[in-house]
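Residue numbering for the sequence shown follows the working numbering, starting at 11 and increasing by one per position.
Every residue, glycine too, gets a C-beta built ideally from N, C-alpha and C.
Data first, discussion second: the structure below is written as structure tokens.
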Amino acid sequence: ILMTLVYTAITIPYISMIGVITSDPVERLSANGYRFVMTKIAAFLVTIVVPMLAVWLGQGNKALGYQFSMGLMGAMGALLFIFCFLTTRERSEPEITSLSVGKQFKYLLRNDQWIILGVVILLLMCGYVIRGSVAAYYAKYYLNGGDSLISPFLTTGVIASILAMIATTWITKFWDKIKMFRYTQIITFILSALMYFSVGRENLILAFAFYFLINFFCDMQMPVFWSSIAEAVDYGEKKTGPRVSGLAFGGILFFQKFGMGIAGGILGFLLSHFGYQADVEQSARSLTGIALMMTLIPALFHLAVGLLMKKYLINNEYYRDIQLALAQKQA
């Protein structure tokens, strides 16, 4: 619990930095693209390196090996956070408000675009957590690949996510980023439905192909979403007057964690409902449940996101108007 609290305290100013290192929406999106590429690469390396370190450091004691390995990862993470703090600068300096938390919260609730982003991240996390948590079960039981198939299957998803981050920074140079956000979530819904109805237990290659495509299109929204928070803050300043930045980013993290909590509850209920039991041959009902949790159930959350983002207004053109209005106000 203490680690989670400390990490959250670090993360709020960390993600808020995107809004003050530049005021250019294209640069913000690009910065988030690089950020998530590195995030996915780090996650990929950890899944490979930590098990190897655990064997080497544990010297036959696997539990001790993982304890040392995670301690090393924590130390590296702390050093990287310090490096980030020492080497970044706030180039955009918006006016800092001295409002009480209660008043900031009141103004934040009047920011309809921020509320949309909050609901969107909640829905996204429900879809992500349910699909991500059951992916290993899908590879092991539904595709009948055992433990040996889990690593290559999950790696396929990570590679797709890395490529999605790179593709987003390029595609948004030519296509409206909010439209891309909406349509990629609808495409994720369609691909997930197709995966459920077309991938049988013997269709290994098809399962890998669909999993790659779903992760690719699903994750294309990430740089757009996290750069949109700063733009929603500016929208709120234009609409209500005071600027509410830190609470806005912290509130998004609350929605994110809340979505993860809801997804965890849904996942536990569904696994129990479909009769899943670990490390035994699964029943037909359990296999159907695993397939549903991998495809159609998270797909509904992505469809809801795609439909909800139709109400989100702040594309690059709209944001330029906001910047102009704020510049005139400050002048």
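* Asked: So is N42 buried or exposed if we call it buried at 16+ other beta carbons inside 10 Å?
  -> In the sequence shown, residue 42 corresponds to position 32, counting from 1. Burial call: buried.
* Starting from the C-beta of F78, find all residues in its chain whose C-beta is less than 8 Å away, skip the five residues before and the five after it, and write them out in chain order. => In the sequence shown, the residue the question calls residue 78 occupies position 68. These residues qualify, in order along the chain: L63, A64, L67, G68.
* Asked: In terms of alpha-carbon separation, which member of Q114, L89, T182, I196 lies closest to G137?
  -> As a position in the sequence shown, residue 137 is number 127, starting the count at 1. Answer by Cα proximity: I196.
* Which first and last residues belong to the alpha helix (DSSP H) in which S282 is found? -> Translated into positions along the sequence shown, residue 282 becomes position 272. Residues 256 to 283.
* Compute the beta-carbon to beta-carbon distance between I131 and G269, rounded to the nearest angstrom, for a pair I have assumed lies under 8 Å. => As a position in the sequence shown, residue 131 is number 121, starting the count at 1. As a position in the sequence shown, residue 269 is number 259, starting the count at 1. Going by Cβ atoms, the distance from I131 to G269 rounds to 6 Å, so yes, they are a contact pair.
* Should the region 188 to 207 be called in touch with the region 148 to 157, which here means at least 3 C-beta pairs below 8 Å? -> no
* Do the region 225 to 234 and the region 164 to 172 make contact, defined as three or more Cβ pairs closer than 8 Å? -> yes
* Which one of R141, R211, G251, F163 has the shortest CA to CA distance from G278? -> In the sequence shown, counting from the first residue as 1, residue 278 sits at position 268. With distances taken between Cα atoms, G278 lies closest to R141.
* **Buried or exposed by the 16-neighbour rule on C-beta atoms within 10 Å, applied to G81** => Numbered from its first residue, the sequence shown carries residue 81 at position 71. Label assigned to G81: exposed.
* Straight-line gap, L39 to A73 (C-alpha atoms, nearest Å) -> For this step, residue 39 is matched to residue 29 along the sequence shown. For this step, residue 73 is matched to residue 63 along the sequence shown. In a straight line, the C-alpha of L39 is about 41 Å away from that of A73.
* **Whole-angstrom distance between K116 and S110, CA atom to CA atom** => Residue 110 sits at position 100 when you count from the first residue of the sequence shown. Residue 116 sits at position 106 when you count from the first residue of the sequence shown. The alpha-carbon atoms of S110 and K116 are separated by roughly 10 Å.
* Would you check if the region 290 to 297 and the region 212 to 222 touch, i.e. whether three or more CB-CB distances between them fall below 8 Å? => no
* Asked: For N121, which residues of its own chain have a beta-carbon under 6 Å away from its beta-carbon, when the five flanking residues on both sides are left out?
  -> Within the sequence shown, residue 121 is the residue found at index 111, counting from 1. The residues are G246.
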